[in-house]
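For the sequence shown, my numbering assigns the number -11 to the initial residue and increments by one for each residue that follows.
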Amino acid sequence: MKPLPPGKSTVLSVTATRPKEESEGVAELQWDIPVRGGPIYKVQLKADFVLPDIVLSHDSIDFGRMLVGQKRRVTMELRNNKMVPVEWTYQEPRDRYGRPQADHDVIFNLVPASGVLMPGERRHVVASFSPRAAQQYTGTLQLKLRDNQQRKQIHVNGRGDVLRLDVRPGASFELGPIMPDSDGASQEFSLYNPTDYAIEVYSVEFDAKYLEEEHILAEYDGFTAGFAEMPVRFVGDGTWKKVTTAVAQQRRQRAAEDAAARALEDEAQAVDSDIAAEDAQMKCESDGGAAAVEAMSTVQGDEEDLLEGMDESQYPYRVPTKDRLNALFVGPPKSGVSSLARRLARADNRHVLGVDDALEWVLTWPRYL
């Protein structure tokens, strides 16, 4: 240590360590601090080395017999009796390539898969068993503890069963020969249940209830990777209410979407019809206007020829040809052309001729008017 000047102080840091492979326990050490030309100070150091660990409520679980396709869960407790936090992790099963197994391939599982327990804290975890075949299963759920070389192990076992029926006296029958218009042929057989479970039997070809359930399950969108977890059904139970409710909601939503789509389609068809009608009206007005202009041109030429032999004194109210001034208003339907023409006609004491009026006038006009 460096010399300590009068009135000054310094900080000494003491660290206690122990290899992971050694056991926990209390370690003590007497530290002598000599002072040159003075006394020797004795400092008693004491460290309590604690190895993180947890206490399991179960070190083995027997799930018993389970039907293939079903899942059984057992809740267990993890407890930290040590004075330090414990971080634990469940070693999830992996396939032969070291990748995590898919959910539908996992036989034994533990949820949650990791956590931290503070001193004196308790935590519930759920172990589950899902058999995939009619056989006996055994395994080990391993919990890895941080800063502890030894792992906690939970030994698990269970057996998978399947539902089956025996058809007696055999599984195949030969009926016949049968003559036309006869009463047919029949043969009785019996079904025997060799399992320890009640079995509900139905015909997959003729049972309307089964067919309806198949349609409902085909529409259900709650499957994950082809699997959906539901409560266990017993003999006589109907389709799961969760499934029927979800499918009914999906059907109502699809019906609403179809109705909205049909409304949009009808609206689009109505708009197309209006556009087609307007196009036809514009074409008619355009063709009629062209015919009217041509007819008026012809009339004006004929009238000029006729006026050469007419005495204008006999027609005092006739507007002279040089003073005649006409206006032609052209525009698409509903653009306000007719309203504008009528307003200008009232202001200038004019007469308004529509396309239809002009066509009729061309066809029936007096020769001298």
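All residues carry an ideal CB built from backbone N, CA and C; glycine is no exception.
Rounded C-alpha distance that separates residue i from residue j
| i | j | result |
| --- | --- | --- |
| M64 | Y180 | 39 angstroms |
| Q257 | A265 | 12 angstroms |
| Q18 | Y29 | 10 angstroms |
| A280 | L341 | The pLDDT assigned to A280 is 47, lower than 50, so where the model puts this residue is not dependable, and the model offers no usable value. |
| F96 | A115 | 7 angstroms |
| V104 | E80 | 17 angstroms |
| V287 | D262 | Unreliable placement is indicated for V287, whose pLDDT of 48 sits below 50; no coordinate value is reported for it. |
| V94 | T227 | 26 angstroms |
| T233 | G158 | 42 angstroms |
| R110 | M71 | 13 angstroms |
| V325 | T352 | 26 angstroms |
| P(-7) | R6 | 35 angstroms |
| N314 | K322 | 23 angstroms |
| Y198 | S170 | 32 angstroms |
| L163 | D225 | 35 angstroms |
| V144 | G86 | 22 angstroms |
| V259 | E202 | 43 angstroms |
| T(-2) | W76 | 40 angstroms |
| K229 | E253 | 36 angstroms |
| Q123 | R61 | 19 angstroms |
| G210 | E255 | 35 angstroms |
| G146 | T126 | 7 angstroms |
| P27 | E12 | 35 angstroms |
| F317 | A329 | 7 angstroms |
| D246 | F161 | 49 angstroms |
| N69 | G57 | 38 angstroms |
| G214 | I204 | 15 angstroms |
| V189 | H92 | 27 angstroms |
| S45 | V14 | 28 angstroms |
| T212 | A248 | 30 angstroms |
| G172 | F194 | 19 angstroms |
| R331 | L347 | 22 angstroms |
| R250 | E200 | 27 angstroms |
Whether residue i touches residue j by CB criterion (9 angstroms)
| i | j | result |
| --- | --- | --- |
| G148 | R221 | no |
| K34 | S118 | no |
| K8 | Q137 | yes |
| V74 | P40 | yes |
| E207 | Q238 | yes |
| L153 | Y185 | no |
| M218 | V235 | no |
| E16 | Q32 | yes |
| R67 | I49 | no |
| R156 | S174 | no |
| P100 | Y78 | yes |
| L133 | V113 | no |
| F37 | A4 | yes |
| I166 | V223 | no |
| R120 | L131 | no |
Reduced DSSP secondary structure (H/G/I, E/B, other) of residue i
| i | result |
| --- | --- |
| A315 | coil |
| T183 | coil |
| A213 | coil |
| W76 | strand |
| K34 | strand |
| Y29 | strand |
| V259 | helix |
| E16 | strand |
| D171 | coil |
| E65 | strand |
| R53 | strand |
| S48 | strand |
| R60 | strand |
| D149 | strand |
| H203 | helix |
| V325 | helix |
| V350 | helix |
| V155 | strand |
| V343 | helix |
Sequence-distant residues of the same chain with beta carbon closer than 8 angstroms to residue i, five excluded per side
| i | result |
| --- | --- |
| R82 | P88, Q89 |
| L55 | P119, G148, D149, V150, L151, Y185 |
Sequence-distant residues of the same chain with beta carbon closer than 6 angstroms to residue i, five excluded per side
| i | result |
| --- | --- |
| Y356 | Because Y356 sits at a pLDDT of 49, beneath the cut-off of 50, its placement in the model cannot be relied upon, and the following sentence gives the value as read from the coordinates. Same-chain partners within the cutoff: there are none. |
| A216 | G210 |
Contact set for residue i: own chain, Cβ-Cβ below 7 angstroms, skip 5 residues either direction
| i | result |
| --- | --- |
| H339 | A333 |
| S102 | W76, T77, Y78 |
| D20 | I28, K30 |
Any non-hydrogen atom of the ligand FMN closer than 8 angstroms to residue i Cβ
| i | result |
| --- | --- |
| P100 | Judged by which ligands are present, the structure shown has none, so any question about the ligand FMN falls away. |
Those runs of the beta strand (DSSP E) which lie wholly inside the region 82 to 140 and span at least 3 residues: 96 to 99, 102 to 105, 110 to 117, 124 to 133
Within the region 216 to 242, note down every full alpha helix (DSSP H) run reaching 4 residues or more, in order along the chain. none
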